[in-house]
Amino acid sequence: MPIKIAVIGAGSIGFTRRLMRDILSVPELADSEFAFHDINKHNLEMIAQLAKRDIEANGLPAKLSTSTQRRRALDGADYVLNTTRIGGLDAFALDVDIPLKYGVDQCVGDTLCAGGIMYGQRNIPQVLAFCKDIREVAADDALFLNYANPMAMNTWAALEYGGVRTVGLCHGVQGGHSQICQVIELLVNKGKKAGAKNYKQVTKRDVDIVASGINHQTWYVSVLYEGEDWTDRLLEGFERHPVFKKTEKVRIDMLRRFGYYSTESNGHLSEYVPWYRKRPREIRSWIDLNRSWIDGETGGYLRVCTEGRNWFETDFPNWMKADPPVFSYDTRSDEHGSWIIEALETGRTYRGHFNVRNDGIVPNLPAEAIVEVPGYVDKNGINIAQLDELPRGCAAVCNASIAVQGLATEAAVHGDIDLLRQAFMMDPLVGAVCNPPEIWQMVDEMLVAQAPWLPQYKREINAAKKRLAGAKRLGTKSTKGAARIKTKSVTEMKRNAASARKNADAADKGELAGKKGARR
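When we follow the numbering used here, the leftmost residue of the sequence shown carries the number 3, and every step to the right adds one.
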């Protein structure tokens, strides 16, 4: 029997089609049934047109349906993929711009810090609604694969309160793995140029890694190349690498001071800790503004998502005219989803890094925390390896974030403003920049501004409005940020259409254009 795969938030530009392509590149899964769901019918239909064209061009028997009714899409689904961004770009802009008034300068704001905490407040009630529908209408023991950020908070809520088999998936470990391979290649070749005699290429197949920690703060605790552990040599390699020494300054500094390389990109990592973004005049020294992607710029991911969505809306006819991608088992992406489904359905073993409840897997992190750790998948299910304790310093960094995640998750589930305020206070960057009265008022302002997406806080939002009406405003900074790059207009992007199309395809991980006030 063909399997059914439902995608919630399927109106993303590139991510939905990429996941579908990966799954259909597996011969045994070529007849899969896909059900795309999104609350934005316009975006959904555009993506569906492209996806149907791709299926037909590759001559596959797969079927694809679309629906703006979530339960219809989930009916009988064996696998459910979540790629949503509740509140779309409207809410995302508030996540970045309101904290700036209080001095909190974020690059991304979707995992931790003020923006990530509020993102969780919007997402978690909907994640639990997804889980309810999965329990009621999906296939028995359906697997919920969560790709949406904030990864740890969403997965935490689904496992603690959703009653659904859930795994969180992120590609951060794969990205850092690739960087580590490039660094080792640099070191082993000792100045030789690519193509020279005896030049050795180093690929992911040559380097075995074990990463342990929490999503976006996972540490490469073991790096084996030709039977030797290269962990202690990575700092030398990153400091010498002609690109990474410019684009990964925060990650390299963390490697220098904690001894292990961290999975997430420079801009992401800079806002999870208290040291690199608390003084506006110092932010630029830790980032690189000379690239088109987001190495740490203020509101960087908001910019590329906005540009990507605007470009896609304009350029969609040309996407339809472009040559469809060729589905190939050998060229599918590193995204875990298709590999997990393949392993479960065929029995071929897959090893990856997954987000799961800790329960002692990493002994010196809390049992209830969501950890990102190695696992094996086959016909018997998803099996997670027991790991050693994290190095004490690395565990301390993770534990600071876990405290915020736990508070924010419980706040979102119960609509508890006290826990929400405490999550803001405990956040490393917010706490480094703001005092308690500023944090209290920032929370009030964000609740009021994001009221359409926060039904669990209805009573608290009314109280917050009254407090704000009679209070002296503390968030008075008038700034666009210490390192902001102007969002390009469509006219400006047309000057380099190929680059605009590439960025649009890469940027959009989940639904980013939900209408204000709409909820799934």
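For every residue, glycine included, the Cβ atom is placed at its ideal position computed from N, Cα and C.
Practice task
For the stretch 466-486 and the stretch 102-122, state whether three or more C-beta atom pairs, one from each stretch, are separated by less than 8 Å.
Solution key: yes
Handout entry: 8 Å CB neighbourhood of R350 in its chain, flanking five on each side removed
Key = E344, D380
Exercise for the section: Look at the alpha carbon of L21 and the alpha carbon of A508, and state the distance between them as a whole number of angstroms. Expected result: 13 Å
Exercise for the section: With a 10 Å radius around its C-beta and 16 neighbouring C-beta atoms as the bar for buried, classify G483 as buried or exposed. Expected result: buried
Practice task
Please name the residue, chosen from R283, I10, D56, L31, that lies closest to R73 on a Cα-to-Cα basis.
Solution key: I10
Practice task
For E30, collect the residues of the same chain with a Cβ closer than 8 Å to its Cβ; drop the 5 residues on either side in sequence, then sort them by chain order.
Solution key: E344, E347, T348
Problem - Other residues of its chain near I419: CB distance less than 6 Å, five sequence neighbours each side excluded - result: E462
Practice task
Pick out whichever of T18, I57, G118 has its Cα sitting closest to the Cα of G301.
Solution key: G118
Practice task
For Q203, name the three-state secondary structure that DSSP assigns.
Solution key: coil
Practice task
Output the distance between the C-alpha atoms of E273 and L114, rounded to the nearest integer angstrom.
Solution key: 8 Å
Exercise for the section: Enumerate in chain order the residues of its own chain whose CB-to-CB distance from K194 is below 7 Å, with the five nearest sequence positions on each side excluded. Expected result: Y201
Practice task
Could you tell me whether the Cβ atoms of H173 and I211 are closer together than 8 Å?
Solution key: no
Exercise for the section: Within its chain, find whatever has a CB closer than 8 Å to the CB of R55; leave out the 5 residues flanking it on each side and keep chain order. Expected result: M322, P326
Exercise for the section: Could you tell me the distance, in whole angstroms, from the CA atom of A397 to the CA atom of L188? Expected result: 30 Å
Exercise for the section: Would you kindly check if the distance between the Cβ of Y149 and the Cβ of N84 is under 8 Å? Expected result: yes
Exercise for the section: Give the DSSP-derived three-state secondary structure of H355 in the structure shown. Expected result: strand
Exercise for the section: Within the stretch 444-480, note down every full alpha helix (DSSP H) run reaching 4 residues or more, in order along the chain. Expected result: 460-472
Practice task
Reducing DSSP to helix, strand and coil, say where Q219 ends up.
Solution key: strand
Practice task
In angstroms with no decimal places, state the Cα-to-Cα distance between S264 and A471.
Solution key: 43 Å
Exercise for the section: Apply the 10 Å Cβ neighbour rule to N125 and answer buried if 16 or more other Cβ atoms are within range, or exposed otherwise. Expected result: buried
Exercise for the section: Go ahead and label K192 buried or exposed: buried means 16 or more other beta carbons lie within 10 angstroms of its beta carbon, across all protein chains shown. Expected result: exposed
Practice task
Rounded to whole angstroms, what's the CA-CA distance from T86 to L26? Just pull it up for me.
Solution key: 22 Å
Handout entry: Proximity below 8 Å, CB of N217 to CB of N42
Key = no
Handout entry: Endpoints, the alpha helix (DSSP H) within which S180 is located
Key = 174-191
Handout entry: N385 in three-state terms, based on DSSP
Key = strand
Handout entry: Own chain residues within Cβ distance below 7 Å of M48, not counting five before or after
Key = F318
Problem - Residues that H39 bridges to, as DSSP identifies them - result: I10, S69
Handout entry: Burial state of M3 (16 or more Cβ within 10 Å)
Key = exposed
Handout entry: For A515, the three-state DSSP class (helix, strand or coil)
Key = Any reading at A515 must be qualified, since the residue scores a pLDDT of 30, below 50, and its modelled position is unreliable; the value itself is stated next. The answer is coil: DSSP assigns A515 none of H, G, I, E or B.
Exercise for the section: Could you tell me if P430 is buried or exposed, where buried requires 16 or more neighbouring beta carbons within 10 angstroms of its beta carbon? Expected result: buried
Handout entry: Cross-strand partners of R167 (DSSP beta bridge)
Key = L145
Practice task
Check whether the Cβ atoms of F146 and V185 sit closer than 8 Å, and answer yes or no.
Solution key: no
Exercise for the section: Indicate whether the contact test is met: 3 or more Cβ pairs, each with one atom in the stretch 387-402 and one in the stretch 245-265, closer than 8 Å. Expected result: yes
Problem - Among N45, N382, M153, the one whose alpha carbon lies nearest that of I342 - result: N382
Handout entry: Complete alpha helix (DSSP H) runs within the stretch 204-284 (minimum length 4 residues, chain order)
Key = 236-242, 246-249, 251-260, 268-272
Practice task
Can you tell me which of H416, T249, P276, L449 puts its alpha carbon nearest to the alpha carbon of R286?
Solution key: T249
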